[in-house]
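So the sequence lines, in the order shown, correspond to chains D and B.
Quick note on the numbering used here: the first sequence kicks off at 210 and runs consecutively.
Quick note on the numbering used here: the second sequence kicks off at 210 and runs consecutively.
Report on one structure; see the data block that follows.
Number of protein chains: 2
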Amino acid sequence: MNFPELKNDLFLKALKGETVERPPVWMMRQAGRYLPEYRELQAKYSFFQRCETPELATELTLQPIERLGVDAAILFSDILVMAQALDFHVSIEKGEGPRIHNPIKTEADAFAVKMPDVADRLHYVMSAVTMIRKELNGKVPLIGFAGSPWTIFCYLAEGEGTKDFAKAKAFCFSYPKAAAHVLGILADATAAYLNAQIEAGAQAVQVFDSWGGLLSPEDFNVLSYPYLKRIVEQVSGAPVILFAKGVWYAMEEMAKSGAAALGLDWCLEPELARKLTGGNITLQGNFDPTHLLKSPEEIKKEVHSMISRFGVNRYVANLGHGIIPGIPVQHAQAFVDAVKSYSPIK
Amino acid sequence: MNFPELKNDLFLKALKGETVERPPVWMMRQAGRYLPEYRELQAKYSFFQRCETPELATELTLQPIERLGVDAAILFSDILVMAQALDFHVSIEKGEGPRIHNPIKTEADAFAVKMPDVADRLHYVMSAVTMIRKELNGKVPLIGFAGSPWTIFCYLAEGEGTKDFAKAKAFCFSYPKAAAHVLGILADATAAYLNAQIEAGAQAVQVFDSWGGLLSPEDFNVLSYPYLKRIVEQVSGAPVILFAKGVWYAMEEMAKSGAAALGLDWCLEPELARKLTGGNITLQGNFDPTHLLKSPEEIKKEVHSMISRFGVNRYVANLGHGIIPGIPVQHAQAFVDAVKSYSPIK
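Right, dumping it as structure tokens:
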């Protein structure tokens, strides 16, 4: 496809480890409820209508670019579209978490999971990616994304979001082979999905392992990390960012995964993160989203401190998790502006 | 008070760092829903009836001692009785989390919080402690407990349990002095409460900082750790165990708090925990509660591996968080038996 030339390549340069004048900035869940223009579309269309209609997904993806001036766009979608592609019936009601109506309960349920034709089942995502890429007109690069196999599995086996995903973990301990079957399919399907997004126009992709941190280091190495690595190995044509929340203990190993960058939550300090990851990989994060409730002046101060601790190069300024709905837009703006106003000579 | 002589002092010896033939074992939330005899009383009495009636609290505390043969009893109660002592209206409905009906919303609400007469407001707890201690008849020692100031504050300001306690954190960032006022009172009231429990017969006390791990290392050092330390400094007459879930990053500092032992969740590996804490403090934990869903044979194998990694001395075998309701009693029994059957010569 012939897309307009990229004007702001700060984000892609940071992922490649090239020298930049300042770090790029975007925010996880930047197309979200804290934006009044998001809430307008939220009131009119259901969650999956917004995901499945390329025009709506495009509008939502572009909102924070126009409003805040971030350095990257991230596709508006949801990690659970992959569950739908695998024939799970997912609903997300307003004010509630997601629900899987036909969760995996038995070994037979697990072995019945078959590799889907992702490009066909999720064609609307790829249509949205291409439409967004055109609409962006080269302003900033577009990030595609997917959930990690472990995190998707959590929902498939638990049936809903819970604090500890005990049922999902129990399933893995009771039926390790059945769990590995599903996790393997999720890894291959996710790699195919990310490759299709890249082919459709995504210039980088991020894998969200939101529930990796519920696992002990040993379990993470059995139930999550091998599948993250399998995805990285299969994805080509764009850099991969791995974000495994709460997984400070596997940073050293993950730095060797082949990913271009690792996302961090706010519990891992910049100096320790650099030390654990060896200093040669791009790091992304890790502003505590609840700190966006502080005053714009304090946000600026803390963002500048964060950048000086991570360093300007091999770094993408971001939050340590998705932005929360109650953040005033001016505070999100203060976050973005603070990154842009950073100067190492102070 | 004159209590019967203690027959099994394994737990207290481990807390003192004395040499033992095997580690003591107990389980967080061992008086809980996984026990059929617990569910019988649960069906008859409300949660707070069970907490407030010394006879019921005694019966519930003793159930796992009789059934499983653990090496320590822990008072049946709830961390939120402290909220009640501070005039917050708390309800815990079956199948739901706790709810505070008059949460802290304004600075004025926070400054209205006054130091309570804990021994008076929570006299029923101290009555239960004395009754349990007598009923135990020296079989095993009795552990008292309380929630940490930060964790209690989370509920007071959030009004309910949530994933990120964003409102509670936001309150601290918006009104740091008002938050410090409440946290300071909570620390002093908690120290007084634990001292009253010790006077009534508790032979060790544990402070649960269940939500410490939601804080960045810097915020933990402002909002939680100073108050944990203040409690340790004020409590006397019995060893203090600090359990801050998810707070791997502060282990080094917490080892210097004056606490007799530190509790660990399952995300911190034994060798790293020993390294971070300097090897001279007793560690407690850290079996993943969901691993109790594995087979009794696997539980035994993993428990033995855990003990050999922590070492027999300065160690209390426990879970890394409370036991979950769905665990078969035989699996809890397998956990306890595995600790008792451990022999370093293998």
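Backbone N, C-alpha and C define an ideal beta-carbon position, used for all residues, glycine too.
Listed by position along chain B, the residues whose Cβ is nearer than 7 angstroms to that of P448(D) form an empty set, because the closest Cβ is around 27 angstroms away. Annotation: the stretch 396-459 of chain B contains the following complete segments of the alpha helix (DSSP H) (minimum length 4 residues), in chain order: 434-443. Between the stretch 532-541 of chain D and the stretch 263-270 of chain D there are fewer than three C-beta pairs closer than 8 angstroms, too few to call the two in contact.
The DSSP-derived three-state label of T491(B) is strand. With the rule of 3 Cβ pairs closer than 8 angstroms, the stretch 308-315 of chain D does not count as touching the stretch 428-443 of chain D. The closest CA to that of G410(B), considering only A401(B), V338(B), K222(B) and L502(B), is found on V338(B). For G446(B), the CB contacts under 8 angstroms within the same chain, skipping 5 residues up- and downstream, are N404, I407 and E408 in chain order. The residue among K372(D), K303(D), I274(D) and M237(D) with its C-alpha nearest the C-alpha of F256(D) is K303(D).
Assignment of beta-bridge partners to F496(D) by DSSP yields L528(D). V414(B) places its beta carbon less than 8 angstroms from that of G353(B). With a cutoff of 8 angstroms on beta-carbon distance, I394(D) and V449(D) are scored as not near each other. Residues of chain D whose Cβ lies closer than 7 angstroms to the Cβ of S383(B) are, in chain order, L502. Taking the Cα positions, E305(B) is about 48 angstroms away from G226(D). Taking 8 angstroms as the cut-off, the Cβ atoms of F417(B) and G356(B) count as close.
In the DSSP assignment, G353(D) is bridged to V414(D).
Neighbours of Y524(B) in chain D, taken as residues at a C-beta separation under 9 angstroms, are lacking, since the least C-beta distance is about 18 angstroms. In the three-state reduction of the DSSP assignment, V322(D) falls in the coil class. Judged by pairs of C-beta atoms under 8 angstroms, the stretch 240-256 of chain D does not touch the stretch 473-483 of chain D, as fewer than three such pairs exist. A319(D) is positioned such that its CB atom lies no closer than 8 angstroms to that of A398(D).
Among the residues facing chain D, A387(B) is not included, as its CB has no counterpart in that chain under 8 angstroms away.
At least one CB of chain D lies nearer than 8 angstroms to the CB of Y458(B). According to DSSP, residue pairing for E369(B) in a beta bridge involves R308(B). With contacts defined by Cβ atoms closer than 8 angstroms, Q293(D) and L351(D) do not form a contacting pair. Straight through space, the alpha carbons of H530(D) and Q258(D) are spaced by roughly 25 angstroms.
Counted as a single uninterrupted DSSP element, the stretch harbouring L473(D) is not any beta strand (DSSP E), since DSSP gives it neither H nor E. Under the DSSP assignment, I301(D) falls in the beta strand (DSSP E) whose first and last residues are V299 to I301. Look at I283(B) here: in three-state DSSP terms it is strand. Beyond the five residues adjoining it in sequence on each side, L215(D) comes within less than 7 angstroms, by CB distance, of G347 and P350 in the same chain, given in chain order. For G535(B), a Cβ of chain D is located within less than 8 angstroms of the residue's own Cβ.
When V545(B), A401(B), E344(B) and D280(B) are compared, the shortest CA-CA separation from D326(B) is found for A401(B).
Taking a 10 Å sphere around the C-beta of T491(B), we find 16 or more other C-beta atoms and assign the residue as buried.
When 7 angstroms is used as the limit between beta carbons, A355(B) is near no residue of chain D, the shortest such separation being about 22 angstroms. With 16 or more other CB atoms across the displayed protein chains lying within 10 angstroms of its CB, P358(D) is buried.
Counting only residues of its own chain and dropping the five nearest sequence neighbours on each side, G278(D) has a CB closer than 7 angstroms to the CB of V545. P263(B) and L424(D) have their C-alpha atoms roughly 38 angstroms apart. With fewer than 16 other CB atoms across the displayed protein chains lying within 10 angstroms of its CB, K510(D) is exposed.
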